[in-house]
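Undergrad: Residue numbers (my numbering), protein chains in the order written: chain A, 1 to 132; chain B, 1001 to 1132; chain C, 2001 to 2132. Ideal Cβ positions, reconstructed from N, Cα and C, are used throughout, including at glycine.
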Amino acid sequence: MKEVFTIASKESEQCFDITDQVKSIVARSGVTDGFCHVMALHSTAAVVVNETHDPNIGRDVITALGRMVPTRAGWLHDEIDDNAHSHVKASLLGPSEVIAVEGGELVLGTWQGIWFFDFDGPRDRRVSVRVQ
Amino acid sequence: MKEVFTIASKESEQCFDITDQVKSIVARSGVTDGFCHVMALHSTAAVVVNETHDPNIGRDVITALGRMVPTRAGWLHDEIDDNAHSHVKASLLGPSEVIAVEGGELVLGTWQGIWFFDFDGPRDRRVSVRVQ
Amino acid sequence: MKEVFTIASKESEQCFDITDQVKSIVARSGVTDGFCHVMALHSTAAVVVNETHDPNIGRDVITALGRMVPTRAGWLHDEIDDNAHSHVKASLLGPSEVIAVEGGELVLGTWQGIWFFDFDGPRDRRVSVRVQ
């Protein structure tokens, strides 16, 4: 079972709680026990499992990465494109997460949800979900 | 095959070598070839594969993250809780790892082991392991 | 289906585009739908999915990590070995990636490829690939 859904970011750097979209794909898959793989199909975006109840956590992650990886700080890739910092941030978080599925549901802690980060918006972004 | 085990952290930031716990779950699973997924069920904790023979490597990771993500550095989430830095650190390392299983054993390099990091202790923490 | 291939790094910190090696293992595996797990079998190396068309992106990642995790910055592990920074960098990127396989091919975005990073070369390095 596989599905791709899209996200339209509106800002240069933005985070989205995609927990509900992924949960409904898992429900539709009919898989009761296995793995769910969620992956951003872009190299300037990332998927992270963390607390999504407070949207400020996603914003704090963006702020922290902005301090660690400043824009236009002598990056080589900026010579052909202006988004080297976006690639480095996406590499640090990673494009994908695997989550166990048991009893037809994602195995997440009480406060865990699924974040999608766009570090090079605004753009239309694709997220791949495979349940098996 | 799935199992959850607990870890009681004693310090605010602490690392644990959980390689043996995961290996014994893999052995009990009876799975000879597949994947082992290890995940912290918390959004202020992380699972990382790296060298565990020298416990100082885990401590160096905690120190490095402390320099990159200082406490109380204007984080928005600190307004409702005091642990924004813990969420950011956990996001950078990621909550889970997938390790191949072959011949009934984890496929790890000579020096690789499995770390559990708690960035918001002391607490009782849960680690989910699924082998398939 | 599993395979291990080797990479001979020539520099202390170096990145390699291993997309083609992984794709040919997936093709040989005969798996049409499933997961592909790619893992560095070393604790001072990492596997990351990001854009590989511009080799400078990998170099920018190395530069960024060098700024975040300076060498000989009081790391405890340096007392027994001189590569604490390599372990911390590898932990931040993570040793492995999981990529979905559909129709016999890796599910990657247009610009996504697979990087191997060595942070403690020059050495002979092993990469494990399991398709299932």
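State yes or no: is the C-beta of Ile-2099 (chain C) within less than 8 Å of the C-beta of Val-2047 (chain C)?
TA: Translated into positions along the third sequence, residue 2099 (chain C) becomes position 99. Translated into positions along the third sequence, residue 2047 (chain C) becomes position 47. No, these two residues do not count as a Cβ contact at 8 Å.
Undergrad: Around the Cβ of Val-2131 (chain C), are there at least 16 other Cβ atoms within 10 angstroms (buried) or fewer (exposed)?
TA: Counting from one through the third sequence, the residue named residue 2131 (chain C) turns up at place 131. With 16 or more other Cβ atoms within 10 Å, it is buried.
Undergrad: Is the beta carbon of Asn-2050 (chain C) less than 8 Å from the beta carbon of Ser-43 (chain A)?
TA: Within the third sequence, numbered from 1, the residue matching residue 2050 (chain C) stands at position 50. Within the first sequence, numbered from 1, the residue matching residue 43 (chain A) stands at position 43. Their beta carbons are under 8 Å apart, which means Asn-2050 (chain C) touches Ser-43 (chain A) by this criterion.
Undergrad: Using 8 Å for Cβ pairs, my map puts Phe-2119 (chain C) next to Ala-2040 (chain C). What's the rounded Cβ distance?
TA: One-based indexing of the third sequence puts residue 2119 (chain C) at position 119. One-based indexing of the third sequence puts residue 2040 (chain C) at position 40. That belief does not hold up - the Cβ atoms of Phe-2119 (chain C) and Ala-2040 (chain C) are roughly 10 Å apart, past 8 Å.
Undergrad: Any C-beta of chain B within less than 7 Å: which residues of the segment 2068–2087 of chain C qualify?
TA: Met-2068, Val-2069, Trp-2075, Leu-2076, His-2077, Ile-2080, Ala-2084, His-2087
Undergrad: Ile-7 (chain A) by DSSP, collapsed to three states: which one?
TA: Counted from its first residue, the first sequence places residue 7 (chain A) at position 7. In this structure, Ile-7 (chain A) counts as strand in the three-state DSSP scheme.
Undergrad: For the alpha helix (DSSP H) that contains Ile-25 (chain A), what are its first and last residues?
TA: Position 25 of the first sequence, counted from the start, is the residue given in the question as residue 25 (chain A). That run of the alpha helix (DSSP H) goes 19–29.
Undergrad: Can you name the residues of chain B whose CB is closer than 7 Å to the CB of Val-2098 (chain C)?
TA: The count along the third sequence starts at 1 and reaches residue 2098 (chain C) at position 98. Those within 7 Å of Val-2098 (chain C) in chain B are Val-1098.
Undergrad: Between Gly-2104 (chain C) and the rest of its own chain, which residues show a CB-CB distance below 6 Å, the 5 nearest in sequence each way excluded?
TA: Your numbering for residue 2104 (chain C) matches position 104 in the third sequence. Counting only Cβ-Cβ distances below 6 Å, and skipping sequence neighbours, we find Thr-2032.
Undergrad: Would Val-1129 (chain B) and Phe-1035 (chain B) qualify as a contact pair, given that the criterion is a beta-carbon distance under 8 Å?
TA: Here residue 1129 (chain B) refers to the residue found at position 129 of the second sequence. Here residue 1035 (chain B) refers to the residue found at position 35 of the second sequence. No, these two residues do not count as a Cβ contact at 8 Å.
Undergrad: Phe-2035 (chain C) versus chain A: which residues are under 9 Å apart at the beta carbon?
TA: Taking the third sequence and counting its residues from 1, one reaches residue 2035 (chain C) at position 35. Among the residues of chain A, those whose CB is under 9 Å from the CB of Phe-2035 (chain C) are Phe-35, His-37, Val-98, Arg-130, Gln-132, following chain order.
Undergrad: Whose CA, out of A:Val-26, A:Cys-15, A:Glu-11, lies closest to the CA of Val-4 (chain A)?
TA: Taking the first residue of the first sequence as 1, we reach residue 4 (chain A) at position 4. Among A:Val-26, A:Cys-15, A:Glu-11, the Cα nearest to that of Val-4 (chain A) belongs to A:Val-26.
Undergrad: Hey, does Gly-94 (chain A) have any beta-carbon neighbour from chain B nearer than 8 Å?
TA: For this step, residue 94 (chain A) is matched to residue 94 along the first sequence. By this cut-off, Gly-94 (chain A) is an interface position.
Undergrad: Which residue wins for smallest C-alpha separation from Lys-2002 (chain C), given the options C:Ser-2029, C:Ile-2062, C:Asp-2054, C:Lys-2089?
TA: Here residue 2002 (chain C) corresponds to residue number 2 of the third sequence, with the count starting at 1. The option with the nearest alpha carbon to Lys-2002 (chain C) is C:Ser-2029.
Undergrad: Give the DSSP bridge partners of Gln-1112 (chain B), in chain order.
TA: Residue 1112 (chain B) sits at position 112 when you count from the first residue of the second sequence. Answer by DSSP bridge pairing, in chain order: B:Glu-1051.
Undergrad: Using a cut-off of 8 Å between C-beta atoms, extract the partners of Gly-1109 (chain B) located in chain C.
TA: Along the second sequence, one-based indexing puts residue 1109 (chain B) at 109. The answer, in chain order, is Ala-2040, Leu-2041, His-2042, Ser-2043, Arg-2126.
Undergrad: Check each candidate in B:Leu-1065, B:Ala-1084, B:His-1037, B:Glu-1011 and name the one with the smallest Cα separation from Lys-1023 (chain B).
TA: Translated into the one-based positions of the second sequence, residue 1023 (chain B) becomes position 23. Closest option to Lys-1023 (chain B), Cα to Cα, is B:His-1037.
Undergrad: From Asp-1082 (chain B) to Val-127 (chain A), what distance separates their C-alpha atoms?
TA: Taking the second sequence and counting its residues from 1, one reaches residue 1082 (chain B) at position 82. Taking the first sequence and counting its residues from 1, one reaches residue 127 (chain A) at position 127. Cα to Cα, Asp-1082 (chain B) sits roughly 32 Å from Val-127 (chain A).
Undergrad: Counting Cβ pairs closer than 8 Å, one from the segment 2068–2084 of chain C and one from the segment 70–79 of chain A, do we hit at least three?
TA: In this structure the segment 2068–2084 of chain C does not lie against the segment 70–79 of chain A, because fewer than three pairs of beta carbons, one per stretch, are closer than 8 Å.
Undergrad: So which residues of chain A does Ser-1091 (chain B) contact, with C-beta pairs closer than 7 Å?
TA: As a working note, residue 1091 (chain B) is residue 91 in the second sequence. What Ser-1091 (chain B) touches in chain A: Val-48, Asn-50, Val-61, Leu-93.
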